[in-house]
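Using this note's numbering, you'd call the opening residue of the sequence shown number 29 and step up by one each time.
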Amino acid sequence: MNEWLTAREIAAEQLPDMPATESAVIRLAGRSGWDGTSKARKRQGRGGATEYHFSLLPTLAQVAYQQKHMVVERPAAPAKPAPDASLSARAQLERDARLAVVAAFEKFSRGLKLGYATRTQVFTDKYNTAALTVEPWVREIVPEISKRSLARWQSQKKANSLGHDPAQARKGTGVLDTANEGKVKAFMLAAIAAQPHLSAEAVRTQCRYEFGDTLNVVSKGIETTIPMPPVRTFQHALKGLKASHKVELIKLTNPDQYRSHLAPAGVGMLRHVTEPNQLWQIDASPVDALCTDGRHSVYGCIDIATRRTIWMLSRTPRASAVALLIRKAILAWGVPDRVKTDNGSDFVARDTQRLFASLGIEAETSDAYSPQQKGHIERAIRTMQHDLAPLLPGFVGHSVADRKAIENRKAFSQRLGETEAETFGVSLTGPQLQKHIDDWAATIYQHRPHAGLNGQTPFASALASARPARMVDERALDLLLMPVAGSDGQRVVTKLGIRIDYHHYLTPNVLPGTPVFVRQDPNDAGVAYVFAQDGAEFLETATCAELAGIHPASLVKAAKEIRAELLDERTRDIKADMKRLAKGPSLIERALEVKTRDIPNVIPLPRREEQHSTAQIEAAIAAKAERINPSKPLTPEAAAAHRRLIEEMRAEEEAELTASTEAILEQRMAEVAAERTAHLPENVVKLPETSLERYRRALAYQARMKAGELSAADAMWLGGYVTSAEFKAQSAIHEDFGDAYLS
Numbered sequence: 029m030n031e032w033l034t035a036r037e038i039a040a041e042q043l044p045d046m047p048a049t050e051s052a053v054i055r056l057a058g059r060s061g062w063d064g065t066s067k068a069r070k071r072q073g074r075g076g077a078t079e080y081h082f083s084l085l086p087t088l089a090q091v092a093y094q095q096k097h098m099v100v101e102r103p104a105a106p107a108k109p110a111p112d113a114s115l116s117a118r119a120q121l122e123r124d125a126r127l128a129v130v131a132a133f134e135k136f137s138r139g140l141k142l143g144y145a146t147r148t149q150v151f152t153d154k155y156n157t158a159a160l161t162v163e164p165w166v167r168e169i170v171p172e173i174s175k176r177s178l179a180r181w182q183s184q185k186k187a188n189s190l191g192h193d194p195a196q197a198r199k200g201t202g203v204l205d206t207a208n209e210g211k212v213k214a215f216m217l218a219a220i221a222a223q224p225h226l227s228a229e230a231v232r233t234q235c236r237y238e239f240g241d242t243l244n245v246v247s248k249g250i251e252t253t254i255p256m257p258p259v260r261t262f263q264h265a266l267k268g269l270k271a272s273h274k275v276e277l278i279k280l281t282n283p284d285q286y287r288s289h290l291a292p293a294g295v296g297m298l299r300h301v302t303e304p305n306q307l308w309q310i311d312a313s314p315v316d317a318l319c320t321d322g323r324h325s326v327y328g329c330i331d332i333a334t335r336r337t338i339w340m341l342s343r344t345p346r347a348s349a350v351a352l353l354i355r356k357a358i359l360a361w362g363v364p365d366r367v368k369t370d371n372g373s374d375f376v377a378r379d380t381q382r383l384f385a386s387l388g389i390e391a392e393t394s395d396a397y398s399p400q401q402k403g404h405i406e407r408a409i410r411t412m413q414h415d416l417a418p419l420l421p422g423f424v425g426h427s428v429a430d431r432k433a434i435e436n437r438k439a440f441s442q443r444l445g446e447t448e449a450e451t452f453g454v455s456l457t458g459p460q461l462q463k464h465i466d467d468w469a470a471t472i473y474q475h476r477p478h479a480g481l482n483g484q485t486p487f488a489s490a491l492a493s494a495r496p497a498r499m500v501d502e503r504a505l506d507l508l509l510m511p512v513a514g515s516d517g518q519r520v521v522t523k524l525g526i527r528i529d530y531h532h533y534l535t536p537n538v539l540p541g542t543p544v545f546v547r548q549d550p551n552d553a554g555v556a557y558v559f560a561q562d563g564a565e566f567l568e569t570a571t572c573a574e575l576a577g578i579h580p581a582s583l584v585k586a587a588k589e590i591r592a593e594l595l596d597e598r599t600r601d602i603k604a605d606m607k608r609l610a611k612g613p614s615l616i617e618r619a620l621e622v623k624t625r626d627i628p629n630v631i632p633l634p635r636r637e638e639q640h641s642t643a644q645i646e647a648a649i650a651a652k653a654e655r656i657n658p659s660k661p662l663t664p665e666a667a668a669a670h671r672r673l674i675e676e677m678r679a680e681e682e683a684e685l686t687a688s689t690e691a692i693l694e695q696r697m698a699e700v701a702a703e704r705t706a707h708l709p710e711n712v713v714k715l716p717e718t719s720l721e722r723y724r725r726a727l728a729y730q731a732r733m734k735a736g737e738l739s740a741a742d743a744m745w746l747g748g749y750v751t752s753a754e755f756k757a758q759s760a761i762h763e764d765f766g767d768a769y770l771s
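Below you can see the structure in the form of structure tokens.
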């Protein structure tokens with residue numbers, strides 16, 4: 029509705045209480061003072077006449093003008109309520125219709141010099157009598173209004189609660205929802221979760237068994253008993269339960285579908301992987317297309333940082349296919365830091381793990397039955413299957429339903445007797461399919477913008493990285509991919525060599541008893557490559573005469589010559605040492621000499637002894653004495669002479685021991701004195717040892733005694749010196765002045 033009108037336009041409207049000519053309208057405006065108000069303005073553009081706001085018109089003229097031109101419709105820019113996920117589509121439509129009516133009333137009231145009650149009465153009358161132009165969808169939802177409804181809607185607009193859905197208001201209040209305190213509803217959910225194919229009749233029968241033929245419901249605060257509702261009621265209730273509890277029912281009845289489509293999933297979990305070859309993911313899946321030799325499995329490898337892919341076909345899932353995929357990817361991209369796989373037997377096989385270890389690749393496996401932990405390769409395989417497979421002859425669909433739909437392109441009578449290849453139009457061989465997959469990855473996928481790369485292509489992402497690729501020599505890589513002999517490749521060399529599948533391979537440079545790791549050459553059965561047990565060192569090439577086409581006697585003769593030369597070289601130094609050992613002292617003499625050096629340099633002091641005697645010992649002594657000198661017992665005088673002689677002999681022995689000890693001490697003292705003055709020139713007078721020097725020497729001897737390094741002579745001197753008055757005096761001074769006294 030146009031709210032600004034010129035005098036000519038006002039006259040043309042032929043409104044009540046208004047002049048019918050332009051000049052008369054201009055005179056009315058002059059008399060009423062319209063030109064001096066804010067509701068009069070010069071029209072912009074051609075003509076430049078004065079235009080007036082319609083609210084300057086008399087009340088009756090305003091009502092007539094709005095009745096003629098107002099349209100009740102959705103406001104051009106309504107105040108948008110805060111998003112409310114709880115509003116149904118019906119409630120949102122109801123809200124928009126009421127907003128349109130309220131907006132039209134506010135526009136109708138603008139400028140009218142009438143009270144609120146009068147404006148409300150006039151607007152509702154005009155609306156209900158179809159005097160106002162109303163959009164059909166608004167009229168369908170709000171066919172008529174009352175003054176009370178209009179006032180209520182204005183209040184609800186301020187509270188943002190205009191939306192209303194009668195069905196939502198009644199939701200959860202049905203008989204089966206509230207019966208038996210909600211136990212009937214819970215039982216129905218359990219029944220369709222346990223058996224989703226139960227019909228409404230079957231569910232009603234189970235409810236009759238569980239709750240009887242009547243139900244208890246509460247209506248307006250009063251509990252009543254009603255008969256079991258009919259099947260139609262159960263149909264409506266089950267439809268609502270399946271819609272409102274869709275996620276819960278899918279989780280209980282189809283866990284795989286829940287995990288794939290409804291379970292919470294993170295985005296950007298590997299954003300820390302930013303460099304090529306930092307992390308690869310590999311997986312396998314049957315191709316959704318048949319070949320002339322059957323259905324193949326495709327092994328895929330994706331570089332997480334760049335989203336590049338490498339593919340390898342295999343007739344059956346096996347570890348060798350994984351090895352070939354890794355070889356192909358390494359030759360194209362370089363060696364990765366880490367590779368993540370699932371727990372398939374081909375990925376956790378010893379050959380696969382050994383290959384990863386040999387290349388220095390960290391292998392990581394996802395948890396069992398957790399494909400979401402390597403979702404990038406799962407998504408890449410799905411992209412390949414849905415993007416490429418439908419273009420191939422022999423496409424069989426992505427599911428059983430797809431396969432059936434493809435089969436149904438021909439009538440049953442046409443398919444009868446046909447082979448699978450004829451039904452699906454199979455024409456590709458395995459190598460041809462491999463070429464198509466490689467071409468698709470290099471031509472289409474690699475140059476397609478990827479959402480995970482912010483719209484960049486995998487090709488451009490790989491080129492943008494400055495990280496150098498770690499490459500491996502192709503021949504060395506081929507050697508690491510060679511199959512190992514049975515028993516995980518572990519063998520022990522014998523005099524006959526290495527045994528592999530009932531054949532013996534001679535190893536002249538590896539001695540019998542050596543544990544080794546063996547790889548077989550797939551192109552030459554007569555050759556095997558021998559490595560150290562951990563595979564980190566190449567030892568030699570083993571040869572089987574009968575498989576290599578060599579005369580056995582000639583091979584054995586050559587092996588013996590090589591072995592003899594090897595042993596001669598290794599035993600040459602050993603033989604020389606054996607001859608030198610035979611010429612010297614005997615082994616026992618060498619052992620006694622070494623053990624003698626190990627005996628501590630200590631002279632034991634005389635130990636106190638006492639005679640031990642028993643009746644048997646005394647009898648034995650008497651018998652021996654009687655045998656040696658069977659004379660009569662000595663007289664007292666003779667016994668006294670014997671005792672005197674014994675005492676003299678003991679005194680003589682003690683004197684000899686004392687003299688020997690004193691001689692040792694004197695000799696040691698002379699050595700000490702010589703050592704003390706050895707550094708002095710000959711023209712310098714050698715002064716005797718002072719008391720402080722003797723004290724220092726005693727302290728040094730005590731330290732050596734604690735270490736077990738003191739000789740017997742020094743120990744005897746120390747034992748006598750520490751009991752002297754000089755030592756005690758020096759100790760007292762040392763204690764008073766500390767270690768400074770010794771300097």
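Built from N, CA and C at the ideal position, the CB exists for glycine as well.
Item	Value
Does the segment 310-329 come into contact with the segment 377-387, if we say contact requires no fewer than three beta-carbon pairs (one atom in each stretch) closer than 8 Å?	no
Quick one: residues in its chain with C-beta nearer than 7 Å to the C-beta of TYR533, no 5 flanking neighbours on either side, listed in chain order?	GLY525, ILE526, ALA556, ALA570, THR571, CYS572
On the criterion of 16 or more Cβ atoms from any shown chain inside 10 Å, does GLU446 qualify as buried, or is it exposed?	exposed
Using CA atoms only, rank isn't needed, just tell me which of GLN234, ARG495, GLY563 is closest to ASP516.	GLY563
Can you name the residues that DSSP bridges to ILE250?	SER247
What are the start and end residues of the beta strand (DSSP E) that includes LYS368?	366-369
Look at ARG336 and HIS478 and say whether their C-beta atoms are less than 8 Å apart.	no
Report the CB separation of ASP153 from LEU88 in whole angstroms; it is logged as a contact under 8 Å.	Going by Cβ atoms, the distance from ASP153 to LEU88 rounds to 14 Å, so no, they are not a contact pair.
Could you please give me the residues that DSSP links to SER342 through a beta bridge?	SER325
Using the three-state DSSP reduction, which class does TYR5 fall into: helix, strand or coil?	Past the edges of the chain, shown from 29 to 771, lies residue 5, and the structure says nothing about it.
Relative to the alpha-carbon of GLY362, which residue among GLN306, HIS324, HIS414 has its alpha-carbon at the smallest distance?	GLN306
Less than 8 Å between the beta carbons of LYS714 and LEU708, yes or no?	yes
I think LYS67 touches LEU43, with their Cβ atoms under 8 Å apart; what is that distance to the nearest whole Å?	Going by Cβ atoms, the distance from LYS67 to LEU43 rounds to 17 Å, so no, they are not a contact pair.
DSSP three-state call for ALA105: helix, strand or coil?	Summary for ALA105: the model assigns pLDDT 46, below 50, so the residue's position carries little reliability; its value from the coordinates is reported in the next sentence. Here ALA105 sits in coil by DSSP.
Do you know how far the Cα of LYS523 is from the Cα of GLY388?	35 Å
Give the range of the beta strand (DSSP E) segment to which HIS478 is assigned.	Taken as a continuous stretch (DSSP letters only), HIS478 belongs to no beta strand (DSSP E), as it is neither H nor E.
Determine the closest residue to ASP773 out of SER398, LYS175, PRO345, with distance taken between C-alpha atoms.	Lying before the first or after the last residue shown, residue 773 is absent from the chain, which here runs from 29 to 771.
Near PRO106, which residues of its chain fall below 6 Å by C-beta distance, leaving aside the five closest residues on each side in sequence?	Low local confidence applies: a pLDDT of 46 at PRO106 is under 50, so the model's placement there is unreliable, with the coordinate-based value given in what follows. LEU127.
Return the first residue and the last residue of the beta strand (DSSP E) that ARG527 is part of.	526-528
Note down, in chain order, each residue of its chain lying with its Cβ closer than 7 Å to the Cβ of TYR286, except the 5 sequence neighbours on either side.	ILE278, LYS279
Apart from the five residues just before and just after ARG48, which ones in its own chain have a Cβ nearer than 8 Å to its Cβ?	Checking the displayed sequence, the identity of residue 48 turns out to be Ala instead of Arg. Result list for ALA48: ALA39, GLN42, in chain order.
Rounded to whole angstroms, what's the CA-CA distance from LEU481 to LEU341? Just pull it up for me.	27 Å
Quick one, are the C-beta atoms of GLY541 and VAL520 less than 8 Å apart?	yes
With burial defined as no fewer than 16 other Cβ atoms inside 10 Å of the residue's Cβ, what is the status of VAL512: buried or exposed?	buried
Could you please give the first and the last residue of the uninterrupted alpha helix (DSSP H) stretch that includes ASP626?	615-626
Helix, strand or coil for ASP601, going by three-state DSSP, please let me know.	helix
I'd like the span of the alpha helix (DSSP H) that includes HIS579, first residue to last.	It is not in any alpha helix (DSSP H) - HIS579 carries neither H nor E in the DSSP assignment.
Measure the C-alpha to C-alpha separation of PRO345 and ASP374 and round it to an integer number of angstroms.	7 Å
Whose CA, out of PRO418, GLN442, SER441, lies closest to the CA of ARG431?	PRO418
Which residues does DSSP pair with CYS572 in a beta bridge?	DSSP, once it has assigned bridges, lists no residue as partnering CYS572.
So, for ILE27: in the same chain, excluding its five sequence neighbours on each side, which residues have a beta-carbon less than 6 Å away from its beta-carbon?	With the chain covering only 29 through 771, there is no way to say anything about residue 27.
List the residues that DSSP assigns as beta-bridge partners of ARG519.	VAL544
Whole beta strand (DSSP E) runs in the segment 387-460 with 3 or more residues, listed along the chain?	390-393
Measure the beta-carbon distance from MET216 to LEU269 and round it to whole angstroms, keeping in mind my assumption that it falls under 8 Å.	6 Å
Which residue wins for smallest C-alpha separation from ALA726, given the options VAL712, ASN711, ALA706, LYS756?	LYS756
Under 6 Å Cβ to Cβ from LEU298, same chain only, skipping five residues before and after it: list those, please.	ILE332
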